[in-house]
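Everything below concerns the one structure shown next.
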């Protein structure tokens, strides 16, 4: 359960807020809920590792918005922690997190999560292609000593 | 010493009104919006995020607009905003080996496994002004949009230092999960640790670090750095959610990482090995990341058993106390604020000294 939930929560957090909002609106779902924690903007300290693989150090912070809610129907709890300061993004992510634990899971997987994953994959592959187009082979020249 | 003053409220209000007017400039020219700055002034946005020590491109763009393009003023705004945020937690240490690279080059290996990927770089441009950009209309920016995406997702790109490490040719980074010190929570204390130095350097002023790094290249604590690898790309940020008991990815950030390969250490008992410098910075900020790596390496002289050459880049107190441009500008610029009382006492002192000197001369002449 937690592995699958981790996957969808991560996907919802990384989704562009506009695309997520559109897909959510298209489902026509608008469940009643109560806030357990209204959307709140804060930060996360991001750590790196020395030399990429060594001991951790604090690199700097990033903005994060979090919230938690309970569905009125059934009482399922949804959480969201998403990068940035978009409270609507956090609310929709928490609602989908809650609904993914209900009978609506398959529908949301097909109508929201799968399209988000496909779009994300497409963006990655497009960027990889652009990077590949700038791949070079350097030739060392023989110096003309004689 | 600065002494509090009262008054001037109307003058200050008028000054701020004029500032707003100057910020807007000629009203017949369309106003910049924050999204335009975020998308088209990205390297300025990246610098403000890196030195503001807060990753949020929208906020950095807003700060640049508000600061009329003064990046240190913008960084100041971001630092001030940051202090108002509750901290939700700390991420898992980033795995830069899993970076989705848009740029990845090595100056040490021509045939680096994973390839030399130039990415969107100024390198190899002719540094000639492009007057097409000054003309109205499209500048051909969408020309590269027609690239066909490959079938499969990009593979993990290995770190160059990993190859050297496999043969024992470069020092190993000791694996550890020890919680690092945090400069934003506890003030700088000397001597420091490498973890604290890397945090301070990541927030440090690019210009200051560039100058220091350059000084090491010119011979002030020379350690001959090669850029073993420079990579720029996105990495997911993962954090444990206490109320859930597992980690989730919160988002993705763009980073620049520079690993330098430097001259050797070694002894009778240990064979010669390359040493390392490391720089990691928010955004596409490669001058900064390279500078951090060079200064990081210079500051490691003690742990690597090198001589203190008395070079500025080796002196951690000098480097870390002066790298922060907000601290520096705060102290520098405060001297323009009213110091009337202070100055009055100095004026009094100078007058007294002159009086005494005049009296002494008069007495001498009378004798």
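Protein chains in written order, with our numbering: chain P, 17 to 162; chain X, 2 to 368. We put the beta carbon where it would ideally sit given N, CA and C, even for glycine.
Asked	Found
DSSP three-state assignment for residue 30 (chain P), whether helix, strand or coil	helix
Below-8 Å beta-carbon distance, residue 77 (chain P) vs any chain X residue	yes
For residue 103 (chain P), the three-state DSSP class (helix, strand or coil)	helix
For residue 108 (chain P) and residue 40 (chain P), believed in contact at Cβ under 8 Å, the rounded distance	5 Å
Residue-chain proximity (residue 346 (chain X), chain P), Cβ-Cβ < 8 Å	no
Which of helix, strand or coil DSSP assigns to residue 215 (chain X)	helix
Interface residues of the region 53-67 of chain P facing chain X [CB-CB below 8 Å]	56, 57, 58, 59, 60, 61, 62, 63, 64, 65, 66 and 67
Cα-Cα separation, residue 224 (chain X) to residue 133 (chain X)	43 Å
Three-state class that DSSP yields for residue 51 (chain P) in the structure shown	strand
First and last residue of the uninterrupted alpha helix (DSSP H) at residue 326 (chain X)	326-335
Backbone CA spacing between residue 109 (chain X) and residue 328 (chain X) [nearest angstrom]	37 Å
Cβ-based contacts, 9 Å cut-off: residues of the region 239-261 of chain X near chain P	239, 240, 242, 244, 245, 246, 247, 248, 249, 250, 251, 252, 253, 254, 256, 258 and 260
Buried versus exposed call for residue 83 (chain X) [16 or more other C-beta atoms within 10 Å across all chains shown]	buried
Residue 78 (chain X) and residue 64 (chain X) closer than 8 Å at C-beta	yes
Option nearest residue 49 (chain P) by Cα separation, candidates P:106, P:19, P:144 and P:91	P:91
C-alpha distance - residue 309 (chain X) paired with residue 318 (chain X), whole-angstrom precision	14 Å
Straight-line Cα distance separating residue 18 (chain X) from residue 12 (chain X)	10 Å
Check whether residue 341 (chain X) and residue 78 (chain P) have beta carbons under 8 Å apart	no
Near-chain P residues of the region 105-119 of chain X - C-beta to any C-beta below 7 Å	111, 116, 117, 118 and 119
Cβ of residue 42 (chain X) within 8 Å of any chain P Cβ	no
Option nearest residue 19 (chain P) by Cα separation, candidates X:252, X:245 and X:47	X:245
Assigned secondary structure, residue 347 (chain X) (DSSP; H/G/I helix, E/B strand, else coil)	helix
Neighbour flag for residue 70 (chain P) against chain X, beta carbons, 8 Å	yes
Extent of the continuous alpha helix (DSSP H) to which residue 171 (chain X) belongs	That residue, residue 171 (chain X), is in no alpha helix (DSSP H); it is neither H nor E in DSSP.
CB contact flag (residue 269 (chain X), residue 210 (chain X), <8 Å)	no
Residues near residue 57 (chain P) by beta carbon distance below 7 Å, same chain, minus five either side	79, 81 and 101
Contact list for residue 86 (chain X) against chain P, beta-carbon separation under 8 Å	57, 58, 59, 77 and 79
Backbone CA spacing between residue 166 (chain X) and residue 172 (chain X) [nearest angstrom]	7 Å
Short Cβ contact (8 Å threshold) for residue 280 (chain X) with residue 294 (chain X)	yes
Alpha-carbon to alpha-carbon, residue 7 (chain X) and residue 121 (chain X)	52 Å
Per DSSP, the bridge partner or partners of residue 80 (chain P)	P:58 and P:99
Euclidean distance between Cα positions of residue 284 (chain X) and residue 267 (chain X)	36 Å
One or two residues paired with residue 151 (chain P) in a DSSP bridge	X:118
Nearest candidate by alpha-carbon position, reference residue 263 (chain X), set X:131, X:21, X:239 and X:170	X:170
Whether residue 150 (chain P) touches residue 118 (chain X) by CB criterion (8 Å)	yes
Chain P contacts from the region 283-312 of chain X (Cβ-Cβ distance under 7 Å)	283
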